[in-house]
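What follows is one structure encoded as structure tokens, with my remarks underneath.
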Amino acid sequence: MVFSRSAASLSGYHRAKLDEIEQLKKSNQSSAHLEAEVDKLQAECVDEQARRYFKRVCDGDTDALALWKRFRDLSIVKYKETFAPLNFDYDEYWGESQVSNESMERACETCNRRDSLRSLK
Numbered sequence: 001m002v003f004s005r006s007a008a009s010l011s012g013y014h015r016a017k018l019d020e021i022e023q024l025k026k027s028n029q030s031s032a033h034l035e036a037e038v039d040k041l042q043a044e045c046v047d048e049q050a051r052r053y054f055k056r057v058c059d060g061d062t063d064a065l066a067l068w069k070r071f072r073d074l075s076i077v078k079y080k081e082t083f084a085p086l087n088f089d090y091d092e093y094w095g096e097s098q099v100s101n102e103s104m105e106r107a108c109e110t111c112n113r114r115d116s117l118r119s120l121k
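Note that our numbering gives residue 106 to position 106 of the sequence shown, counting from 1, and the numbers run on in steps of one.
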């Protein structure tokens, strides 16, 4: 397991355990017990749960997609309720969550080609 300090969501306790692991490794002592504890903390943290859920959605998991669609539909209902008093509505409700991986890959390829062309000038 690779331990990263970059996640803004690390608790003080989590950070302290990472510091302990570093110190044990510097002094050539076993840190396996602490690494197991950090693994457990990381697996339970909300950010990690969100990453796993997002991966399931991206992988096309039908249960994850059904839940995403339910929350999306509920959000649209709330948007409509919120903006109705302002006499404001949208023709379409569309966002980045509906962009396919293929579309993103094509966009990246286009950007890379344009950068390559710029470097030729």
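Beta carbons: idealized from backbone N, C-alpha and C, even for Gly. The structure presented is a predicted model; accordingly, all values stated were derived computationally and were not measured.
Can the beta-carbon of residue i be found closer than 8 Å to that of residue j?
i: D89; j: K80; result: yes
i: K40; j: S31; result: no
Consult DSSP for residue i and reduce its assignment to one of helix, strand or coil.
i: S103; result: helix
i: G95; result: coil
i: Y53; result: helix
i: D89; result: coil
i: D59; result: coil
i: A8; result: Its pLDDT being 45, under 50, A8 is placed unreliably by the model, and nothing is read from it.
i: Q23; result: helix
i: N112; result: helix
Where does the unbroken alpha helix (DSSP H) through residue i begin, and where does it stop?
i: L140; result: Outside the shown range of the chain, which is 1 to 121, sits residue 140, and nothing can be said about it.
i: D39; result: 32-44
Roughly how many angstroms lie between the CA atoms of residue i and residue j, to the nearest whole one?
i: M1; j: P85; result: Because the pLDDT at M1 is just 45, under 50, the model does not fix this residue reliably, and the value given afterwards should be weighed accordingly. One C-alpha to the other measures close to 52 Å.
i: S108; j: S100; result: Residue identity check: residue 108 is Cys in the sequence provided, not Ser. Approximately 13 Å, taken between the alpha carbons.
i: K55; j: A64; result: 9 Å
i: S116; j: S103; result: 20 Å
i: L34; j: I21; result: 7 Å
At the 8 Å Cβ level, is residue i part of the contact set with chain B, yes or no?
i: F88; result: Reference to chain B is not applicable here, since this structure consists of a single protein chain.
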